[in-house]
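K.L.:
Residue numbers (my numbering): 927 to 1425. Can you keep this structure in mind? I'll have questions shortly.
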């Protein structure tokens, strides 16, 4: 009997592998490092994530594949193509910025959070998230999804004795496990009707399913999408988001808002565009309806936040992330109707890159404000310009990017690419829904922005900003400004390399 797999291409799998190895090193090192030197583990983790991101550079010279079936070079379990590298850059970059925020959060927690476990869980989740966009069979996709998710449950509830944190982790865990169970049932249906788990083989065989199994195949397609829709926080799988973001440490909320979405949308793209293109008439309308519902519910939820409510700033960012998930789903739905599916998918990738940079920046400023205002209400941001002019200007810029208004040109550009994808696909009704939601979002983003520059209540004070937090804010600000100054850079990601 011939071997089922080829020799391993270690360079291709280096980015997620390195993150996983550094995570194990940190976990073991935690046993031997004294309490006074635990901060070293954080810097090792940051260096590990940076090294993992740098390992993407040698892969730019061409597509690589490994773990392929012998005799069929197209049936591979791991592929490092352009799409994979872009999403891995987003994931590892997002994890790196979350790690920088975590350095300050762990120091401020004053030994209340277990540092060794924290960094191990963060690196493990990042490794799973980096593995997912390279996965090209359903088994590897589900395993990567769970490797990204399971450590995240623990990170959300890592505050010992905090009821709010424990409740958030439990809600996140139960809803995610349910979604995963539904997805696994879908995968079993797909396997039963096609006899394979490799995405390229499924695409070929699912077109020739016997008539009596046609309904089973359709059901499998829909159920398989559920787990990835949950990770993107698509309605009605969104209910865990606000409580989870509030209960989790703020760097973990930032991580989930960006890396969690990257995991979800990349999984959706792989299973729809590669595995199920012949069932576009099933998943196309489903994702279009999900996109419309998600952006509407998310923006209305953000609009209803009261500025004096505890944690209202984090809740607004949580509901905003649900609304943004709707925009991310629009081009994926458009791919079912478009003659150029690759361009539509490129719009999602471009929008995700913009969203990742500015949303992580907004969370970084929120983490800064939370150091002096632990309840993190929107009203706590009043007069931020008088207390910390640079932070106020940066947050205002990020909010305008999310709203799609100048000088946040990159936000406007990203929304235009999404509009272009949906119009080209002939989904006029979805374009109208998106336009209405953009107008709704303008209100709460501008309301928060104007609050930053109002006269402060009481005497403004200045506070020292820790170096890691400064680095996170500066990196996201530079990236946002650079992309706004040269939005054509996003065009380079319109070719995803999936076809």
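Even glycine gets a Cβ: it sits at the ideal position worked out from N, Cα and C. From a predicted model like this one, the values you see are computed outputs, not experimental measurements.
Indicate whether residue 1208 and residue 1133 have their beta-carbon atoms separated by less than 8 Å.
P.N.:
Indexing the chain shown from 1 puts residue 1208 at position 282. Indexing the chain shown from 1 puts residue 1133 at position 207. In this structure, residue 1133 does not lie closer than 8 Å to residue 1208 by Cβ.
K.L.:
Pairing CB atoms from the stretch 1299-1317 with CB atoms from the stretch 1332-1341, are three or more of them under 8 Å?
P.N.:
The stretch 1299-1317, when compared against the stretch 1332-1341, does not touch it at the 8 Å Cβ threshold.
K.L.:
Which of the three DSSP states is assigned to residue 928 in this structure?
P.N.:
For the purposes of this step, residue 928 is identified with residue 2 of the chain shown, where counting begins at 1. With a pLDDT of only 46 at residue 928, under the threshold of 50, the placement of this residue in the model should not be trusted, and no figure is reported.
K.L.:
For residue 1187 and residue 1251, which I take to be in contact (beta-carbon distance under 8 Å), what is that distance rounded to the nearest angstrom?
P.N.:
As a first step, residue 1187 must be located in the chain shown, where it is residue number 261. As a first step, residue 1251 must be located in the chain shown, where it is residue number 325. Sure, about 6 Å apart at Cβ, within 8 Å.
K.L.:
Taking only the alpha-carbon atoms, compute the straight-line gap between residue 1223 and residue 1202 and give it to the nearest angstrom.
P.N.:
As a working mapping, residue 1223 is identified with position 297 in the chain shown. As a working mapping, residue 1202 is identified with position 276 in the chain shown. About 28 Å.
K.L.:
Kindly list the residues whose CB is nearer than 8 Å to the CB of residue 934, restricted to its own chain and excluding five residues on each side of it in sequence; keep chain order.
P.N.:
Position 8 of the chain shown, counted from the first residue, corresponds to residue 934. Excluding residues within five positions, the ones whose Cβ falls inside 8 Å are 992 and 993.
K.L.:
I need the boundaries of the beta strand (DSSP E) containing residue 1104, first residue and last residue.
P.N.:
By one-based count along the chain shown, residue 1104 stands at place 178. Unbroken run through residue 1104 is the alpha helix (DSSP H), 1089-1120; no beta strand (DSSP E).
K.L.:
Span of the alpha helix (DSSP H) holding residue 1243?
P.N.:
As a working note, residue 1243 is residue 317 in the chain shown. Start and end: 1238-1260.
K.L.:
How would you write the range of the beta strand (DSSP E) that residue 1462 sits in, first residue to last?
P.N.:
With the chain running from 927 to 1425 in the structure shown, residue 1462 is simply not present.
K.L.:
What would DSSP say about residue 1124, mapped onto helix, strand or coil?
P.N.:
For the purposes of this step, residue 1124 is identified with residue 198 of the chain shown, where counting begins at 1. Strand at residue 1124.
K.L.:
Straight-line CA distance for residue 931 to residue 1018?
P.N.:
Along the chain shown, read from residue 1 onward, the residue named residue 931 stands at position 5. Along the chain shown, read from residue 1 onward, the residue named residue 1018 stands at position 92. In this prediction, residue 931 scores a pLDDT of 47, lower than 50, which makes its location untrustworthy; the coordinate-derived value is nonetheless stated afterwards. Whole-angstrom Cα-Cα distance: 28 Å.
K.L.:
Counting along the chain, where does the alpha helix (DSSP H) carrying residue 1508 start and finish?
P.N.:
What the structure shows of the chain is the stretch from 927 to 1425, and residue 1508 is not part of that stretch, so it cannot be assessed.
K.L.:
Can you look up residue 1044 in the DSSP assignment and give me helix, strand or coil?
P.N.:
Walking along the chain shown from the start, residue 1044 turns up at place 118. If DSSP states are grouped into helix, strand and coil, residue 1044 belongs with the helices.
K.L.:
For the structure I just gave you, are there three or more beta carbon pairs, one from the stretch 1072-1089 and one from the stretch 1167-1175, closer than 8 Å?
P.N.:
Enough Cβ pairs lie closer than 8 Å, so yes.
K.L.:
Does residue 1355 pass the burial test, meaning 16 or more other C-beta atoms within 10 Å, or should it be called exposed?
P.N.:
Residue 1355 sits at position 429 when you count from the first residue of the chain shown. With fewer than 16 Cβ atoms within 10 Å of its Cβ, residue 1355 is classed as exposed.
K.L.:
If you draw a straight line from the C-alpha of residue 1071 to the C-alpha of residue 1382, how long is it?
P.N.:
As a first step, residue 1071 is located in the chain shown; it is residue number 145 there, counting from the start. As a first step, residue 1382 is located in the chain shown; it is residue number 456 there, counting from the start. Straight-line Cα distance between these residues: approximately 45 Å.
K.L.:
What separation, rounded to the nearest whole angstrom, lies between the Cα atoms of residue 1200 and residue 1374?
P.N.:
Here residue 1200 refers to the residue found at position 274 when the chain shown is read from its first residue. Here residue 1374 refers to the residue found at position 448 when the chain shown is read from its first residue. For residue 1200 and residue 1374, the distance between alpha carbons rounds to 41 Å.
K.L.:
Taking 7 Å as the cut-off, is the C-beta of residue 982 nearer than that to any heavy atom in the ligand COA?
P.N.:
Absence of the ligand COA is noted for the structure shown, with no ligands found whatsoever.
K.L.:
For the alpha helix (DSSP H) that contains residue 936, what are its first and last residues?
P.N.:
As a working mapping, residue 936 is identified with position 10 in the chain shown. Premise fails: residue 936 is in no alpha helix (DSSP H) and is neither H nor E.
K.L.:
Quick one: Cα of residue 972 to Cα of residue 1032, how far?
P.N.:
In the chain shown, counting from the first residue as 1, residue 972 sits at position 46. In the chain shown, counting from the first residue as 1, residue 1032 sits at position 106. If I take the Cα positions, the gap works out to 14 Å.
K.L.:
Please confirm if the stretch 1190-1198 is in contact with the stretch 1027-1042, defined as three or more CB-CB distances below 8 Å between the two stretches.
P.N.:
Judged by Cβ distances under 8 Å, the stretch 1190-1198 makes no contact with the stretch 1027-1042, as fewer than three pairs qualify.
K.L.:
Assuming residue 1277 contacts residue 1343 under a Cβ cut-off of 8 Å, what Cβ separation, rounded to an integer in Å, is found between them?
P.N.:
Here residue 1277 refers to the residue found at position 351 of the chain shown. Here residue 1343 refers to the residue found at position 417 of the chain shown. Confirmed, Cβ separation roughly 7 Å.
K.L.:
How would you label residue 928, buried or exposed, when you count the other beta carbons within 10 angstroms and need 16 or more for buried?
P.N.:
Here residue 928 refers to the residue found at position 2 of the chain shown. Because residue 928 sits at a pLDDT of 46, beneath the cut-off of 50, its placement in the model cannot be relied upon, and the point is left open.
K.L.:
With a cut-off of 8 Å on the beta carbons, I'd call residue 1077 and residue 1101 a contact; round off their distance for me.
P.N.:
Here residue 1077 corresponds to residue number 151 of the chain shown, with the count starting at 1. Here residue 1101 corresponds to residue number 175 of the chain shown, with the count starting at 1. Going by Cβ atoms, the distance from residue 1077 to residue 1101 rounds to 17 Å, so no, they are not a contact pair.
K.L.:
For my contact list, residue 1118 and residue 1149 are in at a C-beta cut-off of 8 Å; report their separation, rounded to the angstrom.
P.N.:
Here residue 1118 refers to the residue found at position 192 when the chain shown is read from its first residue. Here residue 1149 refers to the residue found at position 223 when the chain shown is read from its first residue. Their Cβ separation, rounded to whole angstroms, is 12 Å, which puts residue 1118 and residue 1149 out of contact at 8 Å.
K.L.:
Less than 8 Å between the beta carbons of residue 1438 and residue 956, yes or no?
P.N.:
This structure does not reach residue 1438, given that the chain is present from 927 up to 1425, and the question cannot be answered.
K.L.:
My guess is that residue 1289 and residue 1243 are in contact by the Cβ rule of under 8 Å, so how many angstroms apart are they, rounded?
P.N.:
Along the chain shown, read from residue 1 onward, the residue named residue 1289 stands at position 363. Along the chain shown, read from residue 1 onward, the residue named residue 1243 stands at position 317. Yes, residue 1289 and residue 1243 are in contact; Cβ-Cβ is about 7 Å, under 8 Å.
K.L.:
Does the stretch 1034-1043 come into contact with the stretch 996-1016, if we say contact requires no fewer than three beta-carbon pairs (one atom in each stretch) closer than 8 Å?
P.N.:
Counting Cβ pairs under 8 Å, fewer than three are found: no touch.
K.L.:
Excluding five sequence neighbours on each side, which residues of the same chain lie with their C-beta closer than 8 Å to the C-beta of residue 1303?
P.N.:
Within the chain shown, numbered from 1, the residue matching residue 1303 stands at position 377. Correct list, in chain order: 1233, 1234, 1235, 1236, 1237, 1238 and 1239.
K.L.:
Taking 8 Å as the threshold (C-beta atoms), are residue 1005 and residue 989 in contact?
P.N.:
In the chain shown, counting from the first residue as 1, residue 989 sits at position 63. In the chain shown, counting from the first residue as 1, residue 1005 sits at position 79. Against a cut-off of 8 Å, the Cβ pair of residue 1005 and residue 989 comes out as a contact.
K.L.:
Alpha helix (DSSP H) containing residue 1375: first to last residue?
P.N.:
As a first step, residue 1375 is located in the chain shown; it is residue number 449 there, counting from the start. From DSSP, the alpha helix (DSSP H) with residue 1375 extends over 1354-1378.
K.L.:
Cα-Cα, which of 1116, 1264 and 1165 is closest to residue 1220?
P.N.:
Residue 1220 sits at position 294 when you count from the first residue of the chain shown. Ranking 1116, 1264 and 1165 by Cα distance to residue 1220 puts 1165 first.
K.L.:
Use the C-beta contact count for residue 1338: other C-beta atoms within 10 angstroms, 16 or more gives buried, fewer gives exposed.
P.N.:
Numbered from 1 along the chain shown, position 412 holds the residue referred to as residue 1338. Residue 1338 is buried by the Cβ-count criterion.
K.L.:
Would you report the Cα separation of residue 1204 and residue 1214, rounded to the nearest angstrom?
P.N.:
Within the chain shown, numbered from 1, the residue matching residue 1204 stands at position 278. Within the chain shown, numbered from 1, the residue matching residue 1214 stands at position 288. Distance between the alpha carbons of residue 1204 and residue 1214 is about 17 Å.
K.L.:
What is the DSSP secondary structure of residue 1161, counted as helix, strand or coil?
P.N.:
Along the chain shown, one-based indexing puts residue 1161 at 235. Residue 1161: coil per DSSP, three-state reduction.
K.L.:
Going by beta carbon distance, what residues of the same chain come within less than 7 Å of residue 1311, once the five residues before and after it are set aside?
P.N.:
In the chain shown, the residue the question calls residue 1311 occupies position 385. Contacts found: 1318, 1378 and 1379.
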